[in-house]
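Below: the structure, in structure tokens.
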Amino acid sequence: MKTIKFTMICFFSLLLVSCQKTPSNTEQKTGTLKISFKNLIKGAPMQISTGAYTNGFGEQYNITKFKYYISHVVLGGLSATSSNDSYYLIDETNAASLSFSFDAPVNTYSTVSFLLGVDSTRNVSGAQTGALDPLNDMFWTWNSGYIMAKMEGVSPQSTVVNNKVEYHIGGFAGANSVLKTINLSIPPSLPVLTVNIREAKTSEITINADFDKWWQGTFNLKIANNPAVTTPGALAKSISDNYRTMFSIAEIKNY
Amino acid sequence: MKLRIILSLSFSILLTAVFINACKKTDTAAAGPFTPTLLEFKIPEGWPAPPTNIFANNPLSEEGFQLGKKLFYDGRLSKDGNFPCASCHQQFAAFATLDHDFSHGFNNSFTTRNAPATFNLAWMTKMHWDGGINHIEVQPLAPITAANEMAETIENVLNKLKADSAYPNLFKAAFGNTDITSQRMLKAIAQFMGSIVSSNSKYDKVKRGEAGFTFSEQNGYDFFKAKCETCHKEPLFTDNSFRNTGMTVNPFLNDFGRMRITNDPTDSLKFKVPSLRNVQLTFPYGHDGRFSFLKDVLEHYQARIQINQPTLDPLLVNRIPMTNTQKFELIYFLNTLTDTTMTKSPRFAQ
Chain A
1 MKTIKFTMIC FFSLLLVSCQ KTPSNTEQKT GTLKISFKNL IKGAPMQIST
51 GAYTNGFGEQ YNITKFKYYI SHVVLGGLSA TSSNDSYYLI DETNAASLSF
101 SFDAPVNTYS TVSFLLGVDS TRNVSGAQTG ALDPLNDMFW TWNSGYIMAK
151 MEGVSPQSTV VNNKVEYHIG GFAGANSVLK TINLSIPPSL PVLTVNIREA
201 KTSEITINAD FDKWWQGTFN LKIANNPAVT TPGALAKSIS DNYRTMFSIA
251 EIKNY
Chain F
256 MKLRIILSLS FSILLTAVFI NACKKTDTAA AGPFTPTLLE FKIPEGWPAP
306 PTNIFANNPL SEEGFQLGKK LFYDGRLSKD GNFPCASCHQ QFAAFATLDH
356 DFSHGFNNSF TTRNAPATFN LAWMTKMHWD GGINHIEVQP LAPITAANEM
406 AETIENVLNK LKADSAYPNL FKAAFGNTDI TSQRMLKAIA QFMGSIVSSN
456 SKYDKVKRGE AGFTFSEQNG YDFFKAKCET CHKEPLFTDN SFRNTGMTVN
506 PFLNDFGRMR ITNDPTDSLK FKVPSLRNVQ LTFPYGHDGR FSFLKDVLEH
556 YQARIQINQP TLDPLLVNRI PMTNTQKFEL IYFLNTLTDT TMTKSPRFAQ
């Protein structure tokens with residue numbers, strides 16, 4: 001009788017073990033990383049439609065739309081790298097879009113990088129969904145490809161219909177690709193200097209995006225000369241060379 | 256004692272079964288199994304494989320094909336209901352617009368280019384005369400939203416489909432549940448459009464040994480191989496390249512073709528080399544439909560090519576000398592490329 005009981009216990013123990021997930025040493029513990037974007041003009045929060053702004057050339061404008069794609073977020077720097085290949089559309093008119101979260105391996109990080117735009121592969125892979133759905137009005141139907149960053153507004157200096165200002169910046173191939181990898185370090189002036197991802201905890205990186213950088217940098221974008229840029233090409237490329245500098249890390253929080 | 260052992264063993268076997276079941280992943284959830292009727296895309300005998308498999312991320316199924324066909328023939332994809340895809344892509348005209356230089360769009364407007372014949376798209380690397388479309392799935396976005404074509408927004412189209420009594424179940428049959436998204440709509444249309452293959456013309460029958468050319472057709476074929484084959488490459492009768500054939504610029508359109516897409520001045524006035532399959536049915540010809548008859552096209556190549564254009568194709572700098580007899584024979588040959596199996600197939604019909 002004892003033998004039978006012993007056999008049964010052994011048998012069930014084996015069954016229970018076989019049911020378990022095979023434990024592996026490579027299984028990473030993860031925490032949550034939240035990335036939040038603050039869209040600014042000269043350091044002050046962007047006011048859609050109501051804000052009256054002036055660029056470095058004395059041209060006045062307002063902003064009715066401001067959105068851009070973020071993808072391929074990579075945490076790195078100290079000892080580990082974690083890549084997230086999701087696509088996010090940051091849209092100033094949609095508060096819910098201004099931050100996103102994903103799981104990141106437990107570690108300590110001091111830099112973050114991401115692609116401003118949608119990588120070339122996704123531009124040539126047919127119908128997409130989610131943030132990349134053409135319903136988001138960021139896909140060119142006549143010249144297949146994503147608008148990586150978009151600004152629309154009005155300016156008295158604009159010479160086109162209704163004084164419109166429209167910058168639809170895209171193009172993923174060749175010399176005029178506007179795709180930019182943005183590498184950000186944590187400024188030494190901040191009180192918290194590392195992103196500490198811990199199991200079941202959340203860390204948050206707040207990133208400023210200052211639209212004022214679009215006007216000047218390596219290229220002088222004057223509304224009077226170029227009120228609308230809505231095709232891929234050298235002009236779009238020049239604007240992307242300016243706007244790549246608009247990001248900076250504003251704050252780190254380890255909750 | 257024996258009974259107890261048997262009972263214990265039976266109990267343990269029962270428990271084992273429960274444990275094994277508990278181990279299984281529940282992959283057949285409440286929604287029920289999704290079992291579309293998968294189809295094989297057949298490459299005609301002797302043809303090259305398509306440059307990319309357009310169905311790699313869009314498994315071809317009977318349900319997807321049928322949904323795509325219904326969408327292709329549905330006027331509700333346009334703003335006022337009058338312009339289904341099929342209004343410009345008519346099966347009897349090899350999916351071009353019969354006898355129209357420009358097709359008609361919303362609010363009495365004209366298109367700005369001649370509607371291309373849409374068959375053998377699985378082999379087409381870039382769509383449109385200027386190659387602006389890089390994938391078959393995203394092509395419908397252009398005509399649906401163009402103000403002078405179907406003039407509708409994708410959002411409105413999806414709302415109309417969602418409100419319909421039939422579409423939710425057709426999307427479920429094709430994709431597993433009733434969600435109606437732009438991606439699914441576009442993938443379904445791609446399944447239908449990509450399945451349209453023209454490969455049963457007299458020319459194909461000759462190649463398969465099922466028919467023979469007449470004397471004139473054979474002479475025309477020989478001339479074709481000597482003078483036309485480089486660009487209109489067999490068996491698709493296009494090499495999918497973009498070339499300037501030396502046409503004058505239409506002052507109403509000022510259409511510089513591929514340069515609009517690439518911004519490259521060396522692409523000025525270059526347009527996609529169209530397939531010559533079914534060319535008998537796809538008149539008028541040229542990106543702006545300026546040639547009413549095949550003989551007009553041949554006269555262009557013989558005598559009217561603008562040889563001073565900097566981006567003119569190098570193959571055409573001496574134009575293409577040909578006699579009247581050669582022209583007639585070439586047209587006899589081109590007429591052997593007509594494929595009524597495709598143009599009359601109930602499978603592609605509404």
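Protein chains in written order, with our numbering: chain A, 1 to 255; chain F, 256 to 605.
Beta carbons are placed, not taken as given, at the ideal position from N, Cα and C, and that holds for glycine.
Relative to aspartate 519 of chain F, the option among A/Pro232, A/Gly43, A/Val161 whose CA is nearest is A/Pro232. Per the coordinates, the alpha-carbon of asparagine 505 of chain F lies some 40 Å from the alpha-carbon of alanine 311 of chain F.
For the C-beta of lysine 442 of chain F, the chain A residues within less than 8 Å are, from N- to C-terminus, Gly126, Ala127. Annotated three-state conformation of threonine 517 of chain F is helix, per DSSP. In this structure, DSSP gives glycine 130 of chain A a helical state, which the three-state scheme calls helix. Excluding its 5 nearest sequence neighbours in each direction, alanine 236 of chain A has C-beta neighbours in its own chain below 6 Å: Ile169, Gly171, Val178, Val229, listed in chain order. Counting C-beta pairs closer than 8 Å gives three or more between the region 424-431 of chain F and the region 320-340 of chain F, which meets the contact rule. Straight across, the Cα-Cα distance linking arginine 439 of chain F with glycine 126 of chain A is about 11 Å.
As DSSP reads the structure, proline 191 of chain A sits in no beta bridge.
Distance from the CA atom of threonine 366 of chain F to the CA atom of proline 529 of chain F, rounded to whole angstroms, is 18 Å. Burial state of leucine 193 of chain A is exposed, judged by a 10 Å Cβ sphere holding fewer than 16 other Cβ atoms.
Using a CB distance cut-off of 9 Å, glycine 56 of chain A does not count as an interface residue toward chain F. The distance from the Cβ of phenylalanine 327 of chain F to that of glycine 360 of chain F is about 17 Å, inconsistent with a contact at the 8 Å cut-off. Its Cα nearest to that of serine 82 of chain A, the residue A/Asn107 stands out among A/Ser99, A/Glu92, A/Asn107. A check of alpha carbon separations from glutamine 446 of chain F across F/Ile309, F/Phe289, F/Ile586 identifies F/Ile309 as the nearest. Lysine 334 of chain F is classed as buried because its beta carbon has at least 16 other beta carbons within 10 Å across all chains shown. At least 9 Å separates the beta-carbon of leucine 40 of chain A from that of aspartate 241 of chain A. For the pair asparagine 369 of chain F and histidine 383 of chain F, the CB atoms are not nearer than the 9 Å cut-off. Where glutamine 605 of chain F is concerned, there is no enclosing beta strand (DSSP E), because DSSP gives it neither an H nor an E. With respect to leucine 184 of chain A, serine 248 of chain A sits close: the two C-beta atoms are nearer than 9 Å.
Within 10 angstroms of the beta-carbon of glutamate 407 of chain F lie 16 or more other beta-carbons, which makes it buried. Between the region 446-459 of chain F and the region 298-307 of chain F, the count of C-beta pairs closer than 8 Å reaches three or more; the two stretches touch.
The C-beta distance from glutamate 404 of chain F to leucine 135 of chain A rounds to 19 Å, too long to fall under 8 Å, and the pair is not in contact. When the five nearest sequence neighbours on each side are left out, the beta carbons in the same chain lying within less than 8 Å of the beta carbon of asparagine 143 of chain A are those of Thr231, Pro232, in order along the chain.
Using a 10 angstroms sphere on the CB of tyrosine 255 of chain A, the tally of other CB atoms stays under 16, which defines it as exposed. Of A/Asn220, A/Thr111, A/Asp103, A/Ala224, the smallest CA-CA separation from lysine 164 of chain A is found for A/Ala224. If you draw a straight line from the Cα of lysine 29 of chain A to the Cα of proline 105 of chain A, it comes to about 6 Å.
Along the region 175-202 of chain A, going in chain order, the ones with a CB nearer than 9 Å to a CB of chain F are Asn176.
Under the DSSP definition of a beta bridge, proline 45 of chain A partners with A/Leu40. The region 506-518 of chain F makes no contact with the region 553-561 of chain F; the number of CB pairs closer than 8 Å stays below 3. Put simply, the backbone Cα of proline 601 of chain F is about 14 Å away from that of phenylalanine 350 of chain F. Annotation: Cβ neighbours of glutamine 438 of chain F in chain A (cutoff 8 Å, chain order): Ala127, Gln128, Thr129, Asp133. From the listed residues F/Asn590, F/Leu536, F/Arg574, the smallest Cα separation to phenylalanine 347 of chain F is found for F/Leu536. Per DSSP, the beta-bridge partners of alanine 209 of chain A are A/Asn39, A/Phe247.
Under the three-state reduction of DSSP, aspartate 91 of chain A is assigned to strand. Rounded to the nearest whole angstrom, the CA to CA distance from aspartate 594 of chain F to serine 99 of chain A is 56 Å.
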